[in-house]
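Each remark here refers to the structure printed beneath this line.
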Amino acid sequence: MAARLQPEGVEASADPAASQLAAGSHLAASHLAALRKANRALTVTLSGVERFAAIEDAARLRDAIGVPLPMGVPLAFIEPVHDPLGDLVSRYARTHGPFTAEEAASRLGLGVAVVSTALKRLAADGRVVEGEFRPHPSAPATVPDEGPELLEAPELPAVPLRGVPLSSEWCDSEVLRKLRRRSLAALRAEVEPVDAAAYGRFLPTWQNVSVPSAGRPGSSGGRGAPALRGLDGIMTAIDQLSGVPVPASAWEPLVLASRISDYQPAMLDELMAAGEVLWSGAGSLPGNDGWISLHVAEAAELTLNPDPEFEPGDAQLRLLEYLQTGGGAYFFRQLTDVAGGMDAVLSDDAVVAALWDLVWAGRITGDTFAPVRAMIAGGRTAHKQPARPPRARSLRMSRLGRSHGTGLMGSPGLTGGRYGSVTGAAPTPPLAVGRWSALPAPELDPTIHARGTAELLLDRYGVVTRGSVMVENIVGGFGLMYKVLARLEEAGRCRRGYFIEHLGAAQFAVPATVDRLRSFTEDAQLAKTEPVALALAATDPANPYGAALPWPALAVDAGSGHRPGRKAGALVVIVDGALVLYVERGGKTLLTFSQDDAVLAAAAAALVGVVRRGAVDKLIMEKVNGHDLLDTPVASALAAAGAYSTPKGLRIRA
49 MAARLQPEGV EASADPAASQ LAAGSHLAAS HLAALRKANR ALTVTLSGVE RFAAIEDAAR
109 LRDAIGVPLP MGVPLAFIEP VHDPLGDLVS RYARTHGPFT AEEAASRLGL GVAVVSTALK
169 RLAADGRVVE GEFRPHPSAP ATVPDEGPEL LEAPELPAVP LRGVPLSSEW CDSEVLRKLR
229 RRSLAALRAE VEPVDAAAYG RFLPTWQNVS VPSAGRPGSS GGRGAPALRG LDGIMTAIDQ
289 LSGVPVPASA WEPLVLASRI SDYQPAMLDE LMAAGEVLWS GAGSLPGNDG WISLHVAEAA
349 ELTLNPDPEF EPGDAQLRLL EYLQTGGGAY FFRQLTDVAG GMDAVLSDDA VVAALWDLVW
409 AGRITGDTFA PVRAMIAGGR TAHKQPARPP RARSLRMSRL GRSHGTGLMG SPGLTGGRYG
469 SVTGAAPTPP LAVGRWSALP APELDPTIHA RGTAELLLDR YGVVTRGSVM VENIVGGFGL
529 MYKVLARLEE AGRCRRGYFI EHLGAAQFAV PATVDRLRSF TEDAQLAKTE PVALALAATD
589 PANPYGAALP WPALAVDAGS GHRPGRKAGA LVVIVDGALV LYVERGGKTL LTFSQDDAVL
649 AAAAAALVGV VRRGAVDKLI MEKVNGHDLL DTPVASALAA AGAYSTPKGL RIRA
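Just so we're aligned: the sequence shown equals residues 49 to 702 in our numbering.
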């Protein structure tokens with residue numbers, strides 16, 4: 049204050065700072081003397097130090113600290129106040145940054161216990177906050193019990209501490225909000241945004257998608273993210289992808305197989321049978337396909353999203369009520385008697401249809417993924433897969449006499465089978481195998497649900513943007529998520545900033561994620577020797593395009609009006625984070641976003657590889673950007689990667 053009171057034109061001395069301070073102190077003393085003479089201030093002694101105080105605080109100082117008041121204080125200022133101690137401590141908090149009770153007690157000339165009691169009362173009213181706000185470079189917040197940890201104090205011998213936490217600190221609520229806002233603003237200014245390609249490289253790695261080698265996805269010869277393995281790997285992947293609707297035909301061959309190096313369908317069935325993973329429907333697709341979500345069972349209430357507009361028919365309602373009130377899981381034959389009610393017996397096909405109506409509405413699930421596999425094996429799917437050879441029957445099954453129509457005891461009719469039984473019961477339809485149960489109800493508390501969704505988005509995408517929220521069709525949209533993420537930022541759980549170019553400042557990420565994102569910039573990738581290409585389902589959450597990132601402009605205008613989209617059955621090929629190829633459902637039409645020969649060669653090899661690994665069926669391509677495919681750079685790259693010529697274009701087959 050003294051420096052601000054210095055008049056203009058004061059002559060500088062050899063030490064300008066000392067000269068300014070001396071002049072300012074003299075001026076401040078004269079002003080304080082004038083205030084005391086005008087009876088607007090008084091002097092009091094606190095802890096042996098004479099201090100000036102406003103005359104309005106006379107009663108507070110007398111009643112809280114016991115300061116004797118001088119003669120001449122107006123009567124209006126010596127009337128008792130409601131909470132003199134709380135007023136003084138609260139004012140100290142409002143005019144200081146984070147402090148300890150000891151510091152406030154020393155300043156006010158009070159005992160530490162007295163100040164601590166007042167601070168706790170203020171904290172209960174929400175006026176101050178307790179915590180640890182200032183950095184302690186000489187010691188952690190709690191010194192571990194192991195090791196010769198020492199807390200060094202200036203000019204004092206080092207004192208060993210074992211398990212002794214540092215003193216709690218206090219801060220006025222509004223002061224803390226200002227500090228956080230200014231700190232976050234400074235942090236945002238320090239972060240230089242990365243380009244879209246850097247995020248395109250980051251996201252697949254963040255989601256543990258590995259670059260396939262010549263073998264299967266995620267094999268030891270691949271590059272990119274370390275491939276997950278085993279049941280734990282599947283749980284890790286599903287935990288990150290919980291609640292995301294993906295075409296059923298894409299889940300195992302394209303999504304899980306790209307993340308789990310040793311993925312086998314039986315592994316997913318094992319987790320479902322153990323009750324650790326649930327699957328739910330989210331609407332059917334043309335043909336034999338539909339949107340399916342996977343969920344970690346213990347958090348399914350936060351990720352399930354049943355259709356709120358679903359109106360069940362009589363059969364569906366009876367099945368749903370039975371599954372919800374029966375308290376367990378039931379085989380198909382246990383449900384057939386329920387579906388028709390008291391007056392009718394429905395056919396197996398009708399019961400299966402009723403079950404799948406409930407599946408697509410997100411109401412029921414099974415304890416195996418086999419019904420989903422049976423569905424996509426029955427005809428047209430978004431991601432058509434090559435026909436699988438029939439499973440060889442064991443010698444034991446042959447001895448059951450199925451080929452001769454005899455049972456275990458040599459009598460006809462008691463035939464065994466995969467979906468039947470040796471009791472003569474009709475076999476269970478493939479679409480209804482396993483045990484069926486009702487899915488748990490979603491979390492009803494909107495606050496808990498919204499916070500859980502926000503934290504899941506941070507874990508799934510690393511950086512949450514408007515596009516990544518909108519693509520998931522979250523109730524409340526980006527407006528709701530922005531409010532929740534902003535509250536998480538205030539709590540120190542994430543950070544808002546301009547992390548990715550051209551996507552605005554409404555982006556949120558965990559601080560450690562931002563550091564990892566920056567490792568994917570071009571400067572950080574200088575050691576890379578050749579392009580890295582990934583072929584993904586367009587609906588895979590690891591594909592940033594059409595979600596966080598906009599679709600890029602086409603290398604050659606598609607006069608036919610073809611445009612990319614996150615559509616079921618479509619594939620994307622990303623090379624070094626940039627979108628290079630978009631393969632529409634069925635494969636007849638390609639869109640290309642690059643004319644670079646080396647980039648096209650890498651993209652073509654990735655596309656051929658995804659077919660040869662059996663993730664999708666053969667592709668017969670005829671058009672690129674609305675024009676004939678033959679005699680184009682894309683055709684040359686595909687032919688070099690192993691595609692075969694046809695009269696109208698190119699064919700890729702396993």
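Even for Gly, the Cβ is constructed at its ideal location relative to N, Cα and C.
Residue of the options minimising C-alpha distance to residue i
i	options	result
P612	P334, N256, A321, N591	N591
Y509	A596, V399, C542, S485	A596
D258	V511, V242, A275	What sits at residue 258 in the sequence shown is Ser, not Asp. Minimum Cα distance to S258 is reached at A275.
T637	G617, G248, E222, V647	G617
A486	F379, C542, G545, H74	F379
V672	A683, A663, K666	A683
F556	V239, G335, D676, R99	V239
G674	L352, F641, L123, T694	F641
L316	L136, A345, F417	F417
W484	G690, E222, G323	G323
A347	R366, G361, L326	L326
V92	S73, D111, A76, P116	P116
G335	T429, L667, L639	T429
G82	P695, A102, A124	Here residue 82 turns out to be Ala, not Gly, going by the sequence shown. The option with the nearest alpha carbon to A82 is A102.
L703	G515, G376, V659, T413	It is not possible to answer for residue 703, since the shown part of the chain is limited to 49 through 702.
A585	H610, A702, G594, L619	L619
D507	A649, A298, D493, R541	R541
A89	E104, A489, R155	E104
P477	L403, A489, Y546	L403
L123	V137, P132, N87, P419	N87
Proximal residues to residue i (C-beta, below 7 angstroms), its chain only, five neighbours per side dropped
i	result
G134	A166, R169, L170
A646	P579
S164	A149
Residues near residue i by beta carbon distance below 8 angstroms, same chain, minus five either side
i	result
G157	L94, S95, I113
A440	With a pLDDT of only 42 at A440, under the threshold of 50, the placement of this residue in the model should not be trusted; the figure read from the coordinates follows. None.
V386	R366, L367, Y370
P128	A107, D111
Cβ-based neighbour list, residue i, same chain, cut-off 6 angstroms, excluding 5 preceding and 5 following
i	result
V121	A106
L686	A652, L698
G500	L350
S216	E178
R249	F568, G625
F181	P146, E217, C219
L655	A583, V621
Y593	W599, L627
E150	V160
T513	L551, Q555, A596
Opposing strand residues paired with residue i [DSSP bridges]
i	result
S485	T413
I622	L582, L627
G704	Nothing can be reported for residue 704, as the shown portion of the chain is limited to 49 through 702.
T637	K671
F556	V512, R544
D676	K671
H343	L326
G338	S332
P295	W339
F100	T91
V519	Bridge partners of V519: none, in fact.
I286	According to DSSP, which records beta bridges pairwise, I286 is partnered with nothing at all.
F568	DSSP lists no partner for F568.
V242	I548
Y593	L597
R699	I668, Y692
F752	Summary: the structure shown does not reach residue 752, with the chain confined to residues 49 through 702, and so no result is reported for it.
I308	L276
*Any contact of the region 626-641 with the region 556-571, i.e. 3+ C-beta pairs under 8 angstroms?*
Because the criterion of three Cβ pairs below 8 angstroms is not met, the region 626-641 and the region 556-571 do not touch.
*Quick check: the region 275-295 against the region 336-353, are there 3 or more CB pairs under 8 angstroms?*
A contact between stretches requires three or more CB pairs, one per stretch, nearer than 8 angstroms, and the region 275-295 meets this requirement with the region 336-353.
*Is the region 364-378 in contact with the region 318-338, if contact means three or more CB pairs nearer than 8 angstroms?*
With the cut-off at 8 angstroms, the region 364-378 and the region 318-338 do not touch.
*Within the chosen definition, does the region 506-525 reach the region 403-414 through at least 3 CB pairs nearer than 8 angstroms?*
Touching, no.
*Any chance you could list the alpha helix (DSSP H) runs of at least 4 consecutive residues sitting entirely within the region 377-407, in chain order?*
Listed in chain order, the complete alpha helix (DSSP H) runs (minimum 4 residues) inside the region 377-407 are 380-387.
_Taking 8 angstroms as the cut-off, does the region 488-499 touch the region 525-541 (at least 3 CB pairs, one atom from each stretch)?_
The region 525-541 is in contact with the region 488-499.
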